[in-house]
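These protein sequence lines are chains B and W, in that order.
Residue numbering for the first sequence follows our numbering, starting at 409 and increasing by one per position.
Residue numbering for the second sequence follows our numbering, starting at 409 and increasing by one per position.
C-beta atoms are modelled at their ideal positions from N, C-alpha and C, and glycine is treated no differently.
There are 2 protein chains.
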Amino acid sequence: MVVKPITVYNLHKQVVHELGRLIVGGELKPGENLPREELLAEQMSVSRSALREAIKVLSAKGLIESRQKTGTRVRDAIYWNQLDADVLGWRCALMPTESFVEKLVEMREIIEPAAAAAAARRRTSAQLAALKEAYEAMAAATDLDAWAVADLSFHEHLLRAANNELMSSLFSVIETALGTYFRLSARNASNFNVALPQHLKVYEAVQRKQPEVARQAMVNLVHDSRKNIRRRAGKPARS
Amino acid sequence: MVVKPITVYNLHKQVVHELGRLIVGGELKPGENLPREELLAEQMSVSRSALREAIKVLSAKGLIESRQKTGTRVRDAIYWNQLDADVLGWRCALMPTESFVEKLVEMREIIEPAAAAAAARRRTSAQLAALKEAYEAMAAATDLDAWAVADLSFHEHLLRAANNELMSSLFSVIETALGTYFRLSARNASNFNVALPQHLKVYEAVQRKQPEVARQAMVNLVHDSRKNIRRRAGKPARS
DNA sequence: AGCAACTATTTTGTATTATAATTTCACTTG
DNA sequence: CAAGTGAAATTATAATACAAAATAGTTGCT
Numbered sequence: 409m410v411v412k413p414i415t416v417y418n419l420h421k422q423v424v425h426e427l428g429r430l431i432v433g434g435e436l437k438p439g440e441n442l443p444r445e446e447l448l449a450e451q452m453s454v455s456r457s458a459l460r461e462a463i464k465v466l467s468a469k470g471l472i473e474s475r476q477k478t479g480t481r482v483r484d485a486i487y488w489n490q491l492d493a494d495v496l497g498w499r500c501a502l503m504p505t506e507s508f509v510e511k512l513v514e515m516r517e518i519i520e521p522a523a524a525a526a527a528a529r530r531r532t533s534a535q536l537a538a539l540k541e542a543y544e545a546m547a548a549a550t551d552l553d554a555w556a557v558a559d560l561s562f563h564e565h566l567l568r569a570a571n572n573e574l575m576s577s578l579f580s581v582i583e584t585a586l587g588t589y590f591r592l593s594a595r596n597a598s599n600f601n602v603a604l605p606q607h608l609k610v611y612e613a614v615q616r617k618q619p620e621v622a623r624q625a626m627v628n629l630v631h632d633s634r635k636n637i638r639r640r641a642g643k644p645a646r647s
Numbered sequence: 409m410v411v412k413p414i415t416v417y418n419l420h421k422q423v424v425h426e427l428g429r430l431i432v433g434g435e436l437k438p439g440e441n442l443p444r445e446e447l448l449a450e451q452m453s454v455s456r457s458a459l460r461e462a463i464k465v466l467s468a469k470g471l472i473e474s475r476q477k478t479g480t481r482v483r484d485a486i487y488w489n490q491l492d493a494d495v496l497g498w499r500c501a502l503m504p505t506e507s508f509v510e511k512l513v514e515m516r517e518i519i520e521p522a523a524a525a526a527a528a529r530r531r532t533s534a535q536l537a538a539l540k541e542a543y544e545a546m547a548a549a550t551d552l553d554a555w556a557v558a559d560l561s562f563h564e565h566l567l568r569a570a571n572n573e574l575m576s577s578l579f580s581v582i583e584t585a586l587g588t589y590f591r592l593s594a595r596n597a598s599n600f601n602v603a604l605p606q607h608l609k610v611y612e613a614v615q616r617k618q619p620e621v622a623r624q625a626m627v628n629l630v631h632d633s634r635k636n637i638r639r640r641a642g643k644p645a646r647s
């Protein structure tokens, strides 16, 4: 049985990730110049064409800036597209400071209650049904993995029910980034489903179209889950 | 007097915008294939190299997907990077539906009160000084333009004072997008500064480090400004 | 000496061509 | 009819040449 073909064959993507990590990881500092294209291409053993495709992508993400004669230089961090999935991913993987986790959690705490309220106002019956299904999967979960999957599904369906693609897009980016720290929001294997009643309250408020009730229920939910995250993230983040 | 040199000289960027607009504007529908590179390059009068660089950028934005033999096809809208500044910009320029403006405004109403609260907790004295300066510029404004500039500056400094780059990045994207509809949030030339007292309340709460007061003041502010936006955007959005 | 105009140089931007890799699809063969 | 086989189409990569822009240096003029 063959493991996998994986002749990557998207050289420019590899280059994007390699350079992206160097920049976000701080090995290439803002203001610094990249080697000129011909050299860099040789150093990375790719053609200038492939390298340039990568450079354009990184420019689009705001990480670098090219000018003739001057060369290609790393831009200051304030210009980076912080909400780009790649940029955020590199940041999480390479600079997992406790303060940054806090920022991600803060974003989640801002979005989710608002989304719950919006969902309570605007959810369709089909979206409600999907949310119910996710909740029931959570209730039926007997192990941590099943719970985690259902939990994520619940929140995704809730966000979708808010009927604002900007909101769900933001949530998905944030959630993916947070996922790199802790696969699940549950405390441990034994009492993973302590948050079930809180999810029920959110669901019921959305079902009954009570925005403020839904918001408050979600505030309580994320407030409790923050405590868990603190406990789990505290040690590794400090190291 | 020469107007400007502007030998654009970033062909791939032009191509990005041209194709991006076609896709987001709906002229190229999801599932549809672009002409193959050689043809498309000829149609747009650019080299295949420049075209490919553009294609890579659009792929990074989630708008298209290339595969050998199959070709390059437009992806479904759920995969688009909705929070990308370009994508959002095209969306605003090409599909200015009233419902989409509502979504943008909703995002703003979620972020800004949260940012005000965070700023009240974490602002440095330097950030407070910058905020004060922006407020004073608003107070001193004698015409609409000056007011608008100072207003934007106030909100930007507030967001920066929240010390969460994800939050300020999101705000900047949203604000830019909203800017395409109405250059300013003021009602009209005569009473453009009615919101001045509300801004003062926000500033004072931030100064005194009262998060909940700051949040509530900002809620009131954005709530009022929403009414203005409705009045200004109502007509053109419906047409 | 100082300033302006020109020139040379360096680096990215664009174009062109050739070849490789991948995937689909039709076709063949057992 | 199934499984493999090969041809064709399209993107992926590479290599090369030249154009444009911006900087730095140089020259020449006052």
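N-terminal and C-terminal residue of the alpha helix (DSSP H) that residue i is part of
| i | result |
| --- | --- |
| W:Ile-472 | Here W:Ile-472 belongs to no alpha helix (DSSP H); instead the beta strand (DSSP E) covers 472-475. |
| B:Met-546 | 533-548 |
| B:Lys-617 | Looking at the DSSP string, B:Lys-617 is not in any alpha helix (DSSP H), and its letter there is neither H nor E. |
| B:Lys-464 | 456-468 |
| B:Asp-553 | 552-569 |
| B:Gln-512 | Position check: residue 512 of chain B holds Leu in this sequence, whereas Gln was assumed. Taken as a continuous stretch (DSSP letters only), the alpha helix (DSSP H) holding B:Leu-512 covers 506-530. |
| B:Thr-584 | 573-587 |
Simplified DSSP state of residue i, which is helix, strand or coil
| i | result |
| --- | --- |
| B:Val-482 | strand |
| B:Asn-418 | coil |
| W:Asn-489 | coil |
| B:Asn-441 | strand |
| W:Met-626 | helix |
| B:Val-602 | coil |
| B:Gly-497 | helix |
| B:Gly-434 | coil |
| W:Ser-633 | helix |
| W:Val-423 | helix |
| W:Leu-592 | Residue placement at W:Leu-592 is poorly supported in this model, since its pLDDT is 48, which falls under 50; the coordinates still yield a value, given next. The answer is coil: DSSP assigns W:Leu-592 none of H, G, I, E or B. |
Residue-chain proximity (residue i, chain W), Cβ-Cβ < 7 Å
| i | result |
| --- | --- |
| B:Leu-464 | Residue 464 of chain B is actually Lys in this sequence, not Leu. Taking Cβ atoms only, chain W reaches closer than 7 Å to B:Lys-464, which makes this a yes. |
| B:Leu-592 | Only weak support is given to the placement of B:Leu-592: the predicted model assigns it a pLDDT of 48, under 50, and the value that follows is read from those uncertain coordinates. Output row for B:Leu-592: interface = no. |
| B:Ala-522 | yes |
| B:Lys-511 | yes |
| B:Glu-445 | no |
| B:Ser-577 | yes |
| B:Asn-418 | no |
| B:Gln-422 | no |
| B:Ala-542 | no |
| B:Met-452 | no |
| B:Ile-518 | yes |
| B:Leu-442 | no |
| B:Ala-525 | no |
| B:Glu-461 | yes |
Residue i classed as buried or exposed, judged by whether at least 16 other C-beta atoms fall within 10 angstroms
| i | result |
| --- | --- |
| B:Asn-572 | buried |
| W:Gly-434 | exposed |
| W:Pro-521 | buried |
| B:Ile-519 | buried |
| B:Asp-553 | exposed |
| W:Gly-470 | buried |
| B:Val-423 | buried |
| B:Ala-537 | exposed |
Closest by C-alpha distance to residue i, when choosing among the options
| i | options | result |
| --- | --- | --- |
| W:Ser-533 | W:Ala-545, W:Val-627 and W:Arg-616 | W:Arg-616 |
| B:Ser-455 | B:His-420, B:Ser-576 and B:Ile-472 | B:His-420 |
| B:Pro-504 | B:Glu-445, B:Ile-518 and B:Thr-588 | B:Thr-588 |
| B:Glu-510 | W:Leu-567, W:Met-575, W:Asn-599 and W:Asn-418 | W:Met-575 |
| W:Phe-579 | B:Asn-489, B:Ala-538 and B:Ala-556 | B:Asn-489 |
| B:Asp-492 | B:Thr-478, B:Ala-468 and B:Thr-480 | B:Ala-468 |
| W:Ala-622 | W:Glu-544, W:Ile-486, W:Arg-531 and W:Leu-466 | W:Arg-531 |
| B:Gln-451 | B:Glu-426, B:Lys-437 and B:Glu-440 | B:Glu-426 |
| B:Ala-648 | B:Pro-605, B:Ala-625 and B:Gly-428 | Chain B is shown from 409 up to 647; residue 648 of chain B falls before or after that span and cannot be answered. |
Cβ of residue i within 7 Å of any chain B Cβ
| i | result |
| --- | --- |
| W:Gln-624 | no |
| W:Asn-628 | no |
| W:Met-503 | no |
| W:Leu-471 | no |
| W:Leu-491 | yes |
| W:Ala-569 | no |
| W:Glu-573 | yes |
| W:Met-515 | yes |
| W:Ala-468 | yes |
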